[in-house]
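Each residue of the sequence shown is one higher than the one before, counting from 98 in this note's numbering.
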Amino acid sequence: MQTEESIKEQPLSNNQNEAGPSCDQSLHFLTPPLYASPTIANPGPLGLSSFAVAMFVASLHWAGAGLPPTSPSNVTVGLSIFYGGIIELMAGMWEFKTGNTFGATAFSSYGGFWLSYGAMSIPTFNIIDSYSDEPLSIMNQSMGFYFLGWAIFTGIMLIASHRSSIGLFSMFFCLFITFTLLSAAKFNDSLTTQVAGGAFGIITSLIAWYNSLSGLLTRDSSHFLLPTGRLH
98 MQTEESIKEQ
108 PLSNNQNEAG
118 PSCDQSLHFL
128 TPPLYASPTI
138 ANPGPLGLSS
148 FAVAMFVASL
158 HWAGAGLPPT
168 SPSNVTVGLS
178 IFYGGIIELM
188 AGMWEFKTGN
198 TFGATAFSSY
208 GGFWLSYGAM
218 SIPTFNIIDS
228 YSDEPLSIMN
238 QSMGFYFLGW
248 AIFTGIMLIA
258 SHRSSIGLFS
268 MFFCLFITFT
278 LLSAAKFNDS
288 LTTQVAGGAF
298 GIITSLIAWY
308 NSLSGLLTRD
318 SSHFLLPTGR
328 LH
């Protein structure tokens with residue numbers, strides 16, 4: 098009969114040795130290696146800046162600042178396509194990477210707005226020329242629908258921003274008024290309403306620049322910060 102000491106000293110049987118790796122060894126193989134996630138810079142200031150510049154220049158033309166409101170505005174085409182469009186769209190894609198659904202939706206959508214707005218003045222797309230045989234009222238009606246759609250989308254973004262900050266909420270509020278006035282101007286063929294829409298567009302761009310600067314001035318890069326008024 099084996100004693101307790103002999104049982105403790107007895108080596109493992111062949112079956113026990115062939116049972117495979119221990120629990121700790123199994124976990125070692127199952128645990129994936131850990132990697133440090135790449136650092137993603139804040140794309141918000143870039144997206145806000147590109148939107149602000151494109152909106153500012155276009156709004157000056159809509160408002161007739163120093164030139165007739167009906168004068169050509171083709172100088173905005175390149176700005177709308179490249180800075181307001183492509184760069185802002187890229188900022189939206191980077192917002193997806195950071196996990197910011199709101200920022201990604203806003204920047205990607207308004208980047209698409211500027212791309213589509215700039216494309217209207219490019220002859221290759223044949224957008225404006227397709228109305229050449231139609232009365233001007235038809236073109237204005239179509240543009241009214243165009244701005245109305247963006248007014249509705251901006252209203253949605255305005256609702257979604259109600260818990261963000263006063264700066265961001267104010268920007269979407271003024272942008273909503275801008276698109277609403279531009280839509281009404283086209284539906285009613287009213288230059289006065291267009292000028293009012295351009296004025297609100299200028300205000301919108303100034304608020305966007307403020308929000309952009311607020312995002313650039315961090316505790317690590319600036320001696321002072323700009324408040325945006327957090328909403329809770």
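By construction, the Cβ of each residue, glycine as well, lies at the ideal position given by its N, Cα and C atoms.
Requested in this report: Specify the secondary structure class of L124 as computed by DSSP and reduced to three states.
Outcome: Counting from 1 along the sequence shown, the entry for residue 124 is found at position 27. Note on L124: pLDDT 46, under 50, position unreliable in the model; no value is reported.
Report task. With a cut-off of 8 Å on the beta carbons, I'd call G326 and K283 a contact; round off their distance for me. Result -> Taking the first residue of the sequence shown as position 1, residue 326 is located at position 229. Taking the first residue of the sequence shown as position 1, residue 283 is located at position 186. Wrong, their Cβ atoms sit about 34 Å apart, outside the cutoff.
Query raised in the report: If we count the other Cβ atoms within 10 Å of its Cβ and call it buried at 16 or more, is L164 buried or exposed?
Result: Numbered from its first residue, the sequence shown carries residue 164 at position 67. Per the 10 Å Cβ criterion, exposed.
Query raised in the report: Can you check whether the CB of F276 is closer than 9 Å to the CB of S258?
Result: Taking the sequence shown and counting its residues from 1, the one referred to as residue 258 is at position 161. Taking the sequence shown and counting its residues from 1, the one referred to as residue 276 is at position 179. Not in contact: S258 and F276 (Cβ atoms no closer than 9 Å).
Query raised in the report: Is the number of C-beta pairs between the region 184-202 and the region 134-146 that are closer than 8 Å three or more?
Result: yes
Report task. Decide if T330 is buried, meaning its Cβ has at least 16 other Cβ atoms within 10 Å, or exposed. Result -> In this structure the chain extends from 98 to 329, so residue 330 is not present and cannot be described.
Query raised in the report: Starting from S262 and walking both ways along the alpha helix (DSSP H), at which residues does that stretch end?
Result: As a first step, residue 262 must be located in the sequence shown, where it is residue number 165. Careful: S262 lies outside any alpha helix (DSSP H) and carries neither H nor E.
Query raised in the report: When the Cα of I263 is compared with those of L328, I235, S177, N285, which residue comes out closest?
Result: Numbered from 1 along the sequence shown, position 166 holds the residue referred to as residue 263. Measuring from the Cα of I263, the nearest candidate turns out to be L328.
Report task. Check each candidate in Y214, F321, E231, T289 and name the one with the smallest Cα separation from V172. Result -> Here residue 172 refers to the residue found at position 75 when the sequence shown is read from its first residue. For the residues Y214, F321, E231, T289, the minimum Cα distance to V172 belongs to Y214.
**Report entry** Rounded straight-line distance, which links the Cα of N139 to that of I256
**Finding:** What you label residue 256 is simply residue 159 of the sequence shown in a count that begins at 1. What you label residue 139 is simply residue 42 of the sequence shown in a count that begins at 1. Cα to Cα, the separation comes out at about 23 Å.
Query - Cβ neighbour criterion (16 or more within 10 Å) applied to T251 - result: Residue 251 sits at position 154 when you count from the first residue of the sequence shown. Per the 10 Å Cβ criterion, buried.
Requested in this report: Could you spell out where the alpha helix (DSSP H) holding M217 opens and where it closes?
Outcome: Within the sequence shown, numbered from 1, the residue matching residue 217 stands at position 120. Premise fails: M217 is in no alpha helix (DSSP H) and is neither H nor E.
Requested in this report: State the CB to CB distance for the pair A160 and G295, rounded to an integer number of angstroms; the pair is presumed to be in contact (CB under 8 Å).
Outcome: For the purposes of this step, residue 160 is identified with residue 63 of the sequence shown, where counting begins at 1. For the purposes of this step, residue 295 is identified with residue 198 of the sequence shown, where counting begins at 1. Between G295 and A160 the Cβ distance is about 3 Å, and since that is below 8 Å, they are a contact.
Requested in this report: Count the other C-beta atoms from every protein chain shown that fall within 10 angstroms of the C-beta of F210, then say buried if there are 16 or more, exposed otherwise.
Outcome: In the sequence shown, the residue the question calls residue 210 occupies position 113. Classification for F210: buried.
Requested in this report: For L124, count neighbouring Cβ atoms within 10 angstroms of its own Cβ and tell me buried if that reaches 16, exposed if not.
Outcome: Taking the first residue of the sequence shown as position 1, residue 124 is located at position 27. For L124, the pLDDT reaches just 46, beneath the cut-off of 50, and the residue's location in the model is therefore unreliable, leaving the point undetermined.
Report task. Spell out a yes or no on whether the region 222-234 and the region 196-206 are touching, meaning 3 or more CB-CB pairs, one atom from each, closer than 8 Å. Result -> no
Report task. Leaving out five residues on either side along the sequence, give the residues of the same chain with a beta carbon under 8 Å from the beta carbon of P166. Result -> Within the sequence shown, numbered from 1, the residue matching residue 166 stands at position 69. Excluding sequence neighbours, P166 sits near H158, W159, A160, L288, Q291, V292, G295.
Report task. Look at F148 and Y243 and say whether their C-beta atoms are less than 9 Å apart. Result -> Sequence index remark: in the sequence shown, residue 148 carries index 51 (1-based). Sequence index remark: in the sequence shown, residue 243 carries index 146 (1-based). No, the pair does not count as a contact, with Cβ atoms beyond the cut-off.
Query raised in the report: Do you know offhand how far S170's Cα is from M152's?
Result: Position 73 of the sequence shown, counted from the first residue, corresponds to residue 170. Position 55 of the sequence shown, counted from the first residue, corresponds to residue 152. Each residue's alpha carbon lies about 13 Å from the other.
Report task. Would you kindly check if the distance between the Cβ of L212 and the Cβ of I249 is under 9 Å? Result -> Position 152 of the sequence shown holds residue 249. Position 115 of the sequence shown holds residue 212. Their beta carbons are not under 9 Å apart, which means I249 does not touch L212 by this criterion.
Query - Option nearest D286 by Cα separation, candidates S239, S229, V174, Y180 - result: Position 189 of the sequence shown holds residue 286. Of S239, S229, V174, Y180, the residue nearest in Cα terms is S239.
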